[in-house]
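Novice: Residue numbers (this note's numbering): 97 to 318.
Ideal Cβ placement from N, Cα and C applies to all residues, glycine included.
Given the structure is predicted, the values throughout are model-derived calculations rather than measurements.
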Ligand code: PRP
Ligand code: ZN
Ligand code: MG
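#1: Return the first residue and the last residue of the alpha helix (DSSP H) that residue 234 is part of.
#2: At a cut of 8 angstroms, does the region 143-152 reach the region 97-112 through at least three beta carbon pairs?
#3: Which of helix, strand or coil does DSSP assign to residue 280?
#4: Only counting the same chain, and skipping five residues up and downstream in sequence, which positions put a Cβ closer than 7 angstroms to that of residue 115?
#5: Between which two residues does the beta strand (DSSP E) holding residue 138 run?
#6: Please check the pair residue 226 and residue 176, which I expect to be a contact at CB under 8 angstroms, by giving their CB distance rounded to whole angstroms.
#7: Buried or exposed: residue 172, going by 16 or more other Cβ atoms within 10 Å of its Cβ?
#8: Determine contact between the region 266-278 and the region 223-243, defined as no fewer than three beta-carbon pairs at a distance below 8 angstroms.
#9: For residue 194, which residues of its own chain have a beta-carbon under 6 angstroms away from its beta-carbon, when the five flanking residues on both sides are left out?
#10: Would you say the beta carbon of residue 275 is closer than 6 angstroms to some non-hydrogen atom of ligand 5?
#11: Excluding sequence positions up to five away, which residues of its chain have a Cβ less than 7 angstroms from the Cβ of residue 141?
#12: May I ask whether a heavy atom of ligand 1 can be found less than 6 angstroms away from the beta carbon of residue 264?
#13: For the region 251-261 and the region 203-215, state whether three or more C-beta atom pairs, one from each stretch, are separated by less than 8 angstroms.
#14: Is the region 237-248 touching the region 213-225 in the sense that three or more CB pairs, one from each, lie closer than 8 angstroms?
#15: If you follow the beta strand (DSSP E) that residue 259 is in, where does it begin and where does it stop?
#16: Please tell me whether residue 174 and residue 290 are closer than 7 angstroms, where the distance is taken between their beta carbons.
#17: Could you name the residues of the same chain whose beta carbon sits closer than 6 angstroms to that of residue 179, not counting the 5 residues immediately before and after it, in chain order?
#18: According to DSSP, simplified to helix, strand and coil, what is residue 175?
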């Protein structure tokens, strides 16, 4: 299927905040998505493209490797990937105007906090270790980063770390876990990315066609 060079492959988040909105964008752009339940791929009925539903953290890798020519991903995930990659093999084509959120440091409501210096010597649990490391370096703060792949908000209760750094959209997750945001590290939204690997004629024409359709939607929304 991936050896198929006659169609485009678009990587989308399988499940999570961006998945429905990503599909909505493609639908608004005129792509009719054929979806079989539980399937990890779906064909576009009226355009030679196939959607690949994957974990958001994997999207930059797939696009960089050219396994998928396009991807829709949060700037937060992309930035974390970029900080660990020695080479950028994708380009950001457009900010999509949805999936807005911020990466924030948060702490238990009961914990005293008086600016970034309060983080000195503390442990911070996060799925974004590179972004947090950069933030701490910029602030000149020495703290320990604890990498967690999910359920980061549990870290204080499990006494893994006093602080967490995670995405905040509505704030409901923090609140449900008795946490309050104390610093904003990065603002984020969904972006469309494309591989910088050379495409053959067929796929570079398709790529231009896809862009025209997506641009149409973004222009209407402005
Ligand atoms: C983020 C984050 C929180 C939640 C916050 O997860 O990890 O769990 O969203 O949203 P809220 O402020 O509206 O409650 P995301 O959907 O990005 O999924 P993932 O971390 O599993 O990739
Ligand atoms: Zn394929
Ligand atoms: Mg995530």
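Specialist: According to the structure data:
#1: Per DSSP, residue 234 is one residue of the alpha helix (DSSP H) stretching across 225-235.
#2: Here the region 143-152 makes contact with the region 97-112; the two share three or more CB pairs at distances below 8 angstroms.
#3: The answer is strand: DSSP assigns residue 280 an E or B state.
#4: Closer than 7 angstroms at Cβ, skipping near neighbours: 108 and 109.
#5: Its beta strand (DSSP E) spans residues 137-139.
#6: Going by Cβ atoms, the distance from residue 226 to residue 176 rounds to 5 angstroms, so yes, they are a contact pair.
#7: Result: buried.
#8: Not touching, per the Cβ criterion.
#9: The beta carbon of residue 194 is closer than 6 angstroms to those of 117 and 286 in its chain, skipping five residues each way along the sequence.
#10: This structure lacks ligand 5; its bound ligands are ligand 1, ligand 2 and ligand 3.
#11: Within the same chain, residue 141 has close Cβ partners 128 and 130.
#12: Within the cutoff, so yes.
#13: Flag = yes, the region 251-261 and the region 203-215 touch.
#14: Taking 8 angstroms as the limit for Cβ pairs, the verdict is that the region 237-248 does touch the region 213-225.
#15: Residues 259-264.
#16: No, the Cβ-Cβ distance between residue 174 and residue 290 is not below 7 angstroms.
#17: Counting only Cβ-Cβ distances below 6 angstroms, and skipping sequence neighbours, we find 226.
#18: Note: residue 175 maps to helix in three-state DSSP.
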